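Chains as they are written, first to last, in the numbering used here: chain G, 165 to 300; chain Z, 165 to 300.
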DNA sequence: ATCTTCTTTAGAATAATTATAAACAACGAA
DNA sequence: TTCGTTGTTTATAATTATTCTAAAGAAGAT
């Protein structure tokens, strides 16, 4: 069980004042056992369902972006009309079930180490992401 | 140098009649030595520049989608507001220069084989894509 | 040539996201 | 507390990528 204090800490670290709305967003994002993959629209709907209170779409966008910037959320590179985020910010990879439009975490040992044997002058590697698309 | 006949063949294979507009699109897409990474907007502008003739945006979208469906273009999974395509349809991976918003092909030997050690019942692997983000 | 079918196009419709600005809430100092 | 400042929420408008539509035009077969 994640406590409200932890949410407040995350918010403050992200330069956000802890408001009722943002605490509700945190409840949905971080008060869970397993990793959570979502789109803004998923999150927006879950807030209403889980907390009974409506938070405006703009606030959901703002808060998610601040958490993403601070590193509390990870954006998943995928071709979709919507942007997907992940509460698991560790270095890991994904299955994407194209039909169901659902993401599944892959453990690093499921993929093995990836060694990039090439470099671009003046650039350094920021992230390495493997996306495994699944079909029936 | 790719010939007009090849463009017509690609179009017919994609169930598209070879029209002036579509030939122009092919000129920009396929008449080049190196692989070509683009967004619809890139392509739209290049057509005007390279052929001197304007093709409507709707036609560009339609043609690109038909080529993609037929396998003459590959869609690259990346987080961007725009969709990226690649004329290199072989199995390969990418660098993405986040600052420049530019893609660079990675040869398979630059990445090494990727063995996915996990499977999901009832699903099979459609593709494995590695995206290496670059920063300064 | 003519007829049918497909195509092009401008513009409208849709959908995700971002911007705006007015009402409101958190914070800190007195 | 109270008050003033600063940050926040919200509905709504604006923006942007993409898809849809329907009328005018071009390709293909006969």
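The beta-carbon is built from N, C-alpha and C at its ideal position, and this holds for glycine as well.
As the structure is a computational prediction, the values presented were derived from the model and not from experiment.
Return no unless some Cβ of chain Z is closer than 8 Å to the Cβ of residue 251 of chain G. Chain Z contact via Cβ: absent.
Compute the distance between the beta-carbons of residue 193 of chain G and residue 251 of chain G, then report whether it is under 8 Å. A Cβ-Cβ contact shorter than 8 Å links residue 193 of chain G with residue 251 of chain G.
Please report the Cβ distance between residue 278 of chain G and residue 241 of chain Z, rounded to the nearest whole angstrom; I am assuming they are in contact, meaning their Cβ atoms lie under 8 Å. For a cut-off of 8 Å, the C-beta gap from residue 278 of chain G to residue 241 of chain Z is around 16 Å, too long to register as a contact.
Same chain, Cβ closer than 8 Å to residue 265 of chain G, neighbours up to 5 away in sequence not counted: In the same chain as residue 265 of chain G, and ignoring 5 residues on each side of it, the C-beta atoms closer than 8 Å to its own belong to 244, in chain order.
DSSP bridge partner residues for residue 270 of chain G (one or two, in chain order): Note: residue 270 of chain G sits in a beta bridge opposite G:257.
Can residue 289 of chain Z and residue 296 of chain G be called in contact, C-beta distance under 8 Å? In contact: residue 289 of chain Z and residue 296 of chain G (Cβ atoms closer than 8 Å).
Residues near residue 185 of chain G by beta carbon distance below 6 Å, same chain, minus five either side: For residue 185 of chain G, same chain residues with a beta-carbon under 6 Å away, outside a window of 5 residues either side, are 219, 223 in chain order.
So, for residue 214 of chain G: in the same chain, excluding its five sequence neighbours on each side, which residues have a beta-carbon less than 6 Å away from its beta-carbon? Only 192 meet the Cβ criterion.
Looking at the C-beta of residue 233 of chain G, does it have a partner C-beta in chain Z at a distance below 8 Å? When Cβ-Cβ separations below 8 Å define contact, residue 233 of chain G makes no contact with chain Z.
So which residues on chain Z does residue 247 of chain G lean against when the C-beta distance must stay under 7 Å? The answer, in chain order, is 243.
Can you give the Cα-Cα distance for residue 267 of chain G and residue 261 of chain G, rounded to whole angstroms? Computed Cα separation, rounded: 6 Å.
If the cut is a Cβ gap below 9 Å, which residues of chain Z does residue 295 of chain G touch? Correct list: 241, 291, 292, 293, 294, 295.
Within the 8 Å Cβ cut-off, does residue 255 of chain Z reach chain G? False, the Cβ-Cβ gap to chain G never drops below 8 Å.
Give the range of the alpha helix (DSSP H) segment to which residue 171 of chain Z is assigned. Residues 168-177.
Taking the alpha-carbon of residue 272 of chain Z as reference, which of G:270, G:174, G:282, G:217 has the nearest alpha-carbon? Answer by Cα proximity: G:282.
Indicate whether residue 286 of chain Z and residue 197 of chain G have their beta-carbon atoms separated by less than 8 Å. Contact flag unset, no.
Under 9 Å between beta-carbons, which chain G residues line up against residue 204 of chain Z? List them in chain order, please. Those do not exist, as residue 204 of chain Z stays about 13 Å from chain G at its closest Cβ, beyond 9 Å.
Interface flag, residue 196 of chain Z vs chain G, CB-CB below 8 Å: Answer no: the Cβ-Cβ gap between residue 196 of chain Z and chain G never drops below 8 Å.
Any idea what DSSP makes of residue 287 of chain G, helix, strand or coil? Assignment of residue 287 of chain G by DSSP, reduced to helix, strand and coil, places it in the coil class.
Could you check whether residue 292 of chain Z and residue 284 of chain Z sit closer than 8 Å to each other, using their CB atoms as the reference points? No.
Within chain Z, the residues that residue 287 of chain G reaches when beta carbons sit closer than 9 Å: 259, 261, 263, 298, 299, 300, listed in chain order.
Contacting residues, own chain, Cβ-Cβ under 8 Å from residue 225 of chain G (five flanking each side not counted): Cβ neighbours of residue 225 of chain G beyond the five flanking positions: 204.
Taking all protein chains shown into account, do 16 or more other C-beta atoms lie within 10 angstroms of the C-beta of residue 227 of chain Z, making it buried, or fewer, making it exposed? By the neighbour-count rule (16 or more Cβ atoms within 10 Å), residue 227 of chain Z is buried.
Determine the extent of the alpha helix (DSSP H) in which residue 280 of chain Z is found, giving its start and end residues. Taken as a continuous stretch (DSSP letters only), residue 280 of chain Z belongs to no alpha helix (DSSP H), as it is neither H nor E.
Whole angstroms is fine: what's the gap from residue 238 of chain Z's alpha carbon to residue 263 of chain G's? So the two alpha carbons sit approximately 18 Å from each other.
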